[in-house]
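A.B. asks:
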Amino acid sequence: VELAKDWRTDRYLRRLEAMMAVADAQVSLVLTGVGDVLEPEDGIIGIGSGGNFALAAARALADSPLDAEEIARKAMGIAADLCVYTNRSLVVEVL
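So for the sequence shown, this note's numbering puts the first residue at 618; every next one is plus one.
1) State whether the stretch 675-682 contacts the stretch 642-652, with contact taken as three or more CB pairs (one from each stretch) at a distance under 8 Å.
2) Let me make sure I understand the geometry here. Which of Asp627, Ala621, Ile662 and Ile661 has the alpha-carbon closest to that of Gly652?
3) Report the start-end ranges of each alpha helix (DSSP H) in the stretch 641-685 that is 4 residues or longer and not cut off at the edges.
4) Have a look at Asp698, Ala635 and Ser706 and flag the residue whose alpha-carbon is nearest the alpha-carbon of Ala674.
5) Opposite Val639 in the DSSP bridges: which residues?
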C-alpha cells in the first residue's frame, strides 16, 4: 500500500501507466498506475499484454496437482502461444 501511495504522489511516477504484480505467501495484489491496489478473489493475477490469457490458463490449472511455479510457467507458455506480444523468457521468483 505504501508503494501505491508513493506511486500516486510522485511527480514522475504518477504519469506512468503501468501495472505491477506483487505477492507474498498470503496475498497477491495488482498495483495500477493510478494508485489502485487490487486483490483478486481467488489470489490469481495476470498483467500485461498476455495477462488475460495467462490468467485464464492459471485459473484452469489451479485445481491441478502442479505447484504455483509450475502453474505460472505453464500459464505463461499458453499465453505466449496465444499472444504475439508475450514471449517465453521468464524469470520466476519463488517465495
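Glycine included, each C-beta is placed from N, C-alpha and C at the ideal position.
C.D. replies: So, from the data block:
1) With the cut-off at 8 Å, the stretch 675-682 and the stretch 642-652 do not touch.
2) In the sequence shown, counting from the first residue as 1, residue 652 sits at position 35. The residue with the shortest Cα to Cα distance from Gly652 is Ala621.
3) Note on the stretch 641-685: whole alpha helix (DSSP H) runs with a minimum of 4 residues are 668-678, in chain order.
4) Translated into the one-based positions of the sequence shown, residue 674 becomes position 57. Looking at the Cα atoms, Asp698 is the closest of the given residues.
5) Counted from its first residue, the sequence shown places residue 639 at position 22. DSSP lists Leu646 as the beta-bridge partner residues of Val639.
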